[in-house]
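These notes concern the structure reproduced below.
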Amino acid sequence: MTNSIQELQDASVIFVVGSNMTEAHPVISYYVKRAAINGATVIVNDPRRTDLCRWATHHVQIKVGSDIAYINGLINEIFKNGWADEEFLKAHTENPDDIRKWVEAYPVERASEICGVPAARIKEIARLLGTAKSASVCYTLGITEHICGTDNVKTLANLQMVLGNLGKYATGLNPLRGQNNVQGACDMGALPNVFHNYQSVTDAKIVEKMEKSWGVNGLSNRPGYKMPTMLRKARDGGTKVLYCIGDNTVQTEPNMAHTIKEIEALEFFIVCDIFPTLTTPYADVIFPDYAWGEEEGTFSNTERRVQRVRGALTPPEGCRPSWWVLQELGKRLGYDLGFTSAQAVWEDMRRSATSYAGITYDRIQNVGLQWPCPTLEHPGTGFLHRDGNFSRGKGLFCKTDWVPPAEVTDATYPLILSTGRRLWHYHSGTQTRNSVGLERLFSEELLEMNPEDAARLRIQSGDLVKAKSRRGEITLRAWVTERAGPGMCWMAFHFEEACGNVLTNDAFDPVTETAEYKACAIRVEKIKDRETPIEDLHRQARP
Amino acid sequence: MPTSINIKAILDAAVQREDEAHAFYLRISKGQSNATVKQTFAELAADELSHKEFLQACLRDPALLSKMPTPKDYKVAEATEEPAFSIAMKPAEALALAMKKEEGAARFYRNLAESTSDPVLATMFTNLARMELGHKTRIETLFVNIGYPEVF
Numbered sequence: 001m002t003n004s005i006q007e008l009q010d011a012s013v014i015f016v017v018g019s020n021m022t023e024a025h026p027v028i029s030y031y032v033k034r035a036a037i038n039g040a041t042v043i044v045n046d047p048r049r050t051d052l053c054r055w056a057t058h059h060v061q062i063k064v065g066s067d068i069a070y071i072n073g074l075i076n077e078i079f080k081n082g083w084a085d086e087e088f089l090k091a092h093t094e095n096p097d098d099i100r101k102w103v104e105a106y107p108v109e110r111a112s113e114i115c116g117v118p119a120a121r122i123k124e125i126a127r128l129l130g131t132a133k134s135a136s137v138c139y140t141l142g143i144t145e146h147i148c149g150t151d152n153v154k155t156l157a158n159l160q161m162v163l164g165n166l167g168k169y170a171t172g173l174n175p176l177r178g179q180n181n182v183q184g185a186c187d188m189g190a191l192p193n194v195f196h197n198y199q200s201v202t203d204a205k206i207v208e209k210m211e212k213s214w215g216v217n218g219l220s221n222r223p224g225y226k227m228p229t230m231l232r233k234a235r236d237g238g239t240k241v242l243y244c245i246g247d248n249t250v251q252t253e254p255n256m257a258h259t260i261k262e263i264e265a266l267e268f269f270i271v272c273d274i275f276p277t278l279t280t281p282y283a284d285v286i287f288p289d290y291a292w293g294e295e296e297g298t299f300s301n302t303e304r305r306v307q308r309v310r311g312a313l314t315p316p317e318g319c320r321p322s323w324w325v326l327q328e329l330g331k332r333l334g335y336d337l338g339f340t341s342a343q344a345v346w347e348d349m350r351r352s353a354t355s356y357a358g359i360t361y362d363r364i365q366n367v368g369l370q371w372p373c374p375t376l377e378h379p380g381t382g383f384l385h386r387d388g389n390f391s392r393g394k395g396l397f398c399k400t401d402w403v404p405p406a407e408v409t410d411a412t413y414p415l416i417l418s419t420g421r422r423l424w425h426y427h428s429g430t431q432t433r434n435s436v437g438l439e440r441l442f443s444e445e446l447l448e449m450n451p452e453d454a455a456r457l458r459i460q461s462g463d464l465v466k467a468k469s470r471r472g473e474i475t476l477r478a479w480v481t482e483r484a485g486p487g488m489c490w491m492a493f494h495f496e497e498a499c500g501n502v503l504t505n506d507a508f509d510p511v512t513e514t515a516e517y518k519a520c521a522i523r524v525e526k527i528k529d530r531e532t533p534i535e536d537l538h539r540q541a542r543p
Numbered sequence: 001m002p003t004s005i006n007i008k009a010i011l012d013a014a015v016q017r018e019d020e021a022h023a024f025y026l027r028i029s030k031g032q033s034n035a036t037v038k039q040t041f042a043e044l045a046a047d048e049l050s051h052k053e054f055l056q057a058c059l060r061d062p063a064l065l066s067k068m069p070t071p072k073d074y075k076v077a078e079a080t081e082e083p084a085f086s087i088a089m090k091p092a093e094a095l096a097l098a099m100k101k102e103e104g105a106a107r108f109y110r111n112l113a114e115s116t117s118d119p120v121l122a123t124m125f126t127n128l129a130r131m132e133l134g135h136k137t138r139i140e141t142l143f144v145n146i147g148y149p150e151v152f
C-alpha cells in the first residue's frame, strides 16, 4: 500500500475495485465502514454484490474482466470535464498528454458497452472521483488475477495520478495483499529475481555484497522461474526438484488436473506443511512444519508494517520451524547458515536490507513499524511518495488497452465463473478446515448463481448441481443469490471436495504469471433437487 | 569586542559556504540528463540561497540562530553510502548526495564547536550545526520517500 490502513477512515471517497474486503480483509473493512459512517462516499466496483455494498453509497456492477475499459472511461470523463489535477500532472508526471489522448478511445458509451454499466452511471462515478477533495483506491485479487492484471494495476495508477491522489494522507493506490504475510515474503526475497529488500540478482554489485555478507562465492546472477514456469518446466525436465513450503499447490494452482501432471513429472518433490493436504500425497519427503501460534518470527502486513509473531503453544513432537529445516538442508549441502533462532535470521537480513535496517525485535515488541525504516532512530513511514515524488522522478502514464478474458462464454459454456475466498475459511483450508468451529459455521462449498440464471436452469438454492469447464467438473450445491451478477457464478477454492481450481483456466498475466482465477467459462446442470434447505446461508456468509 | 568580531567572521564564512553550495548544485544541475534530478538540484541550489538569507539575517540579529528548533536526527545520511557523481543520477541518488553534503556541513560545525574553548563561539558553532542538521533531516525525509522502491 502507498498509504496506511488507518488512513482509510479519513478518506472522503474510497474507490474499492475487485476486493471483497469484508470477507477477505475484514479488519481493513472496519476502517472503510468507519469512513462510511463518517459520511465518506464508498464506491464498490465489482461484478458481485459483496457484503461491503451494504455500507457503500454506490455499487457499480461491472462485467468480469472489464476493468480497463471502465477505468479508462472514467479517466476520459474526468479529463473532459476539467476534473484532472492539472497542477499535479504538470509538476509530477512525465507524459500527461499521452494519457489524455489515449483515453479518448474510451468514451463512456464505448466503456459502457464493454463493462455493462450505463453511461450515465459511469459519468456519475467520474464526477464523484473528479470533484472529491481526495480519494483512496483499494484493490485486491479481482484486479490482479486476470491475464491483464498488470495492466489493470497500471490503469488504476493512471487514475490516481490524473486525480493527483498520490503522496497525500488518506489517498493512494492500495493493494490489499492476498495473504497475511505475502508482503513479508516478497520483502524477504521469496521472488525469482530479487534478494531480500528488492535487491536485484542481476546487479553485480548487489551479488558481490551478498556474497560478502554470507561468506560465499558464485551466487547466481540469473533470475529464477516464477511458479507457473517452474511447474511447466517440470514436464520437459527443466525443473527436477520442487520444494514447497506452506503451499498446497495442487489445490491452489489453476487447472488442477494439469497441475497434478506437472507435479508427477518432477524427479523429487518436497513439501513442508502443518497437515496432510491434496499436495502431500505427491511428495517424496514431507517436513512437518510449525503452525501459526507455534512459530516465532515476523509478519509484514499489507501496509508494510513488520509485526512480531510469537509462539504461544508447544508444537507437536517432531515438528520444526521452516528456517530450521532449511538450515539443516544447507548443512547437508555443505553450507551452515549458523542461525540459532528466528531473531538471528532477522538480524542477518537486517544487516543488508536498508529499508528494514532500523527495525529490531526490541522496537516492535508491542507495535510494528512500517518500512522504509532505515535507521534505529527512524520512526517508520506511514505513506509513500510524499508531495508527489516518485522513485523514477516523475510519474509515467502507461497506455493500457482492454482485452477480454482468455476464455469467454459460448453456447456450450454460457456462464462465467469467478473464484475467491469466504469469510470463514482461508486459502486451501489447510488451517481453517482443521478447525471444528469454522467447519460448523461453513462446512461445504456452494456455487453462487444469480436468480435469473438459476431460474432459466430451474435451479433452486440447495439443489445439487454439476459445474463443468473445459478442464474438469465438480459437484456441489447451488446458492441462488443476488451476490452473483447476471451471467456469472462464483465459488471459493477452500474445499477439496468441490474445488474451484478443478475448473479454473491456466492462462496467465505475461508479466506476473498470475493466473486468471477470476474468469473461466462454465456450464451448470442440475443433478438433484434439494433435500434440505440452506436458509441460514445469508447469515453465515455475512461478517 | 574580539568575540563579536569572530561571530561576524564566522557568519560571513558560513554565508560563503552557502554560496559555494548554491554554485555546486547549480553546476551539477546543468549536466543532469533526468529532468526531475535536474529540477531537484536546482531546488537544492535555491534552498542554499534561502539558507544564505537566513544567515545574513543572523548577522543583523545573531540570536535568531539560537531560536531555531532542534530537528530530529534520523541518521539516514550516516547510514547511506555517498553515491558516485554522474550526469545520469537517479532522483534518490541526487538526494543521497545532498543529504551527505548536509551531514558533512553539520559535522564541520560540530567539530569547530568541540575544538574551541570560547563558550560563545562554541554556542555559535553548535547553532550552525543544528541549522545544517535541519537541512539534512529535510532532505532525508524526501530521500526515504523514494529511496526504497518495491521493484520486482
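Chains as they are written, first to last, in this note's numbering: chain A, 1 to 543; chain B, 1 to 152. Cβ atoms here follow ideal geometry from the backbone N, Cα and C, with glycine treated the same way. For clarity, every value in this text was computed on a predicted model and none was experimentally measured.
Can you tell which of the options has the C-alpha that lies nearest to the C-alpha of residue i?
{"i": "A/GLU448", "options": "A/ALA492, A/ASN434 and A/VAL44", "result": "A/ALA492"}
{"i": "A/ALA467", "options": "A/ASN501, A/HIS494 and A/GLY437", "result": "A/ASN501"}
{"i": "A/GLU347", "options": "A/ASP336, A/GLY224 and A/TYR361", "result": "A/TYR361"}
{"i": "A/ARG530", "options": "A/VAL480, A/HIS494 and A/THR512", "result": "A/VAL480"}
{"i": "A/GLU445", "options": "A/GLN460, A/GLU452, A/ARG458 and A/GLY429", "result": "A/GLY429"}
{"i": "A/GLY237", "options": "A/GLU267, A/ILE245, A/THR259 and A/GLY358", "result": "A/GLU267"}
{"i": "A/ALA69", "options": "A/PRO321, A/ILE143, A/SER418 and A/PHE275", "result": "A/ILE143"}
{"i": "A/CYS53", "options": "A/LYS101, A/THR22 and A/TRP83", "result": "A/THR22"}
{"i": "A/ALA312", "options": "A/THR249, A/GLU295 and A/ASP98", "result": "A/GLU295"}
{"i": "A/THR504", "options": "A/LEU438, A/GLN460 and A/ILE416", "result": "A/ILE416"}
{"i": "A/CYS489", "options": "A/THR202, A/SER443, A/ARG440 and A/TYR413", "result": "A/TYR413"}
{"i": "A/ARG34", "options": "A/LEU8, A/ASN248 and A/SER213", "result": "A/LEU8"}
Starting from residue i, trace the beta strand (DSSP E) both ways and give me its first and last residue.
{"i": "A/LEU415", "result": "415-420"}
{"i": "A/ALA507", "result": "505-508"}
{"i": "A/ARG523", "result": "520-528"}
{"i": "A/MET449", "result": "446-449"}
{"i": "A/GLN365", "result": "Neither: A/GLN365 is in no beta strand (DSSP E) and is coded neither H nor E."}
{"i": "A/ILE43", "result": "41-45"}
{"i": "A/CYS186", "result": "Counting along the chain, A/CYS186 falls outside any beta strand (DSSP E), though it belongs to the alpha helix (DSSP H) covering 182-187."}
Tell me which residue opens and which closes the alpha helix (DSSP H) that residue i is part of.
{"i": "A/ASN491", "result": "Note that residue 491 of chain A is Met in the sequence shown here, rather than Asn. It is not in any alpha helix (DSSP H) - A/MET491 instead sits in the beta strand (DSSP E) that spans 488-492."}
{"i": "B/GLY104", "result": "91-115"}
{"i": "A/TYR139", "result": "Taken as a continuous stretch (DSSP letters only), A/TYR139 belongs to no alpha helix (DSSP H), being part of the beta strand (DSSP E) at 135-139."}
{"i": "B/PHE143", "result": "119-146"}
{"i": "A/THR99", "result": "Residue 99 of chain A is actually Ile in this sequence, not Thr. Residues 96-102."}
{"i": "A/ASP348", "result": "342-351"}
Compute the beta-carbon to beta-carbon distance between residue i and residue j, rounded to the nearest angstrom, for a pair I have assumed lies under 8 Å.
{"i": "A/GLY485", "j": "A/ALA91", "result": "Between A/ALA91 and A/GLY485 the Cβ distance is about 40 Å, and since that is not below 8 Å, they are no contact."}
{"i": "A/PHE508", "j": "A/ALA515", "result": "5 Å"}
{"i": "A/ALA157", "j": "A/GLU77", "result": "With a Cβ gap of about 18 Å, A/ALA157 and A/GLU77 do not count as contacting."}
{"i": "A/GLY172", "j": "A/ASN3", "result": "4 Å"}
{"i": "B/VAL15", "j": "A/PRO372", "result": "That belief does not hold up - the Cβ atoms of B/VAL15 and A/PRO372 are roughly 35 Å apart, past 8 Å."}
{"i": "A/GLU262", "j": "A/TYR282", "result": "Contact doesn't hold; Cβ gap of about 10 Å is too wide."}
{"i": "A/THR131", "j": "A/TRP83", "result": "6 Å"}
Quick check: is any heavy atom of the ligand ADP less than 8 Å from the C-beta of residue i?
{"i": "A/ALA111", "result": "What this structure holds is no ligand at all, so the ligand ADP is not there to describe."}
Taking Cβ to Cβ, would you say residue i is nearer than 9 Å to residue j?
{"i": "A/PRO315", "j": "A/TYR290", "result": "yes"}
{"i": "A/PHE79", "j": "A/MET161", "result": "no"}
{"i": "A/PRO47", "j": "A/VAL32", "result": "no"}
{"i": "A/ILE122", "j": "A/SER112", "result": "yes"}
{"i": "A/HIS258", "j": "A/ARG471", "result": "yes"}
{"i": "A/ALA519", "j": "A/SER418", "result": "yes"}
{"i": "A/TYR198", "j": "A/PRO175", "result": "no"}
{"i": "A/GLU525", "j": "A/VAL465", "result": "yes"}
{"i": "A/GLU94", "j": "A/GLY382", "result": "no"}
{"i": "A/PRO254", "j": "A/ASP506", "result": "yes"}
{"i": "B/LEU95", "j": "B/THR137", "result": "no"}
{"i": "A/ARG386", "j": "A/GLY167", "result": "yes"}
{"i": "B/GLU43", "j": "B/MET99", "result": "no"}
{"i": "A/ASN301", "j": "A/ILE5", "result": "yes"}
{"i": "A/GLU482", "j": "B/LYS75", "result": "no"}
Would you call the stretch 141-156 of chain A in contact with the stretch 179-199 of chain A, where contact means no fewer than 3 C-beta pairs closer than 8 Å? They do not touch, by the three-pair rule.
Does the count of Cβ pairs from the stretch 430-450 of chain A and the stretch 206-221 of chain A closer than 8 Å reach three? The count of Cβ pairs closer than 8 Å, one atom from the stretch 430-450 of chain A and one from the stretch 206-221 of chain A, stays below three, leaving the stretches out of contact.
Contact between the stretch 46-57 of chain B and the stretch 17-32 of chain B is defined here as three or more beta-carbon pairs at a separation below 8 Å; is this criterion met? Contact holds: three or more Cβ-Cβ distances are below 8 Å.
contact_flag[the stretch 70-85 of chain B, the stretch 124-136 of chain B] where n(CB pairs < 8 Å) is 3 or more: Taking 8 Å as the limit for Cβ pairs, the verdict is that the stretch 124-136 of chain B does touch the stretch 70-85 of chain B.
With three or more beta-carbon pairs closer than 8 Å as the criterion, would you say the stretch 205-214 of chain A touches the stretch 224-235 of chain A? These segments do not touch.
Evaluate contact between the stretch 110-130 of chain B and the stretch 86-97 of chain B, counting only Cβ atoms and requiring at least three cross-stretch pairs below 8 Å. The stretch 110-130 of chain B vs the stretch 86-97 of chain B: no contact.
If contact means a Cβ-Cβ distance below 9 Å, which residues of the stretch 377-394 of chain A contact chain C? Annotation note: the requested chain C is absent from the structure, which comprises protein chains A and B.
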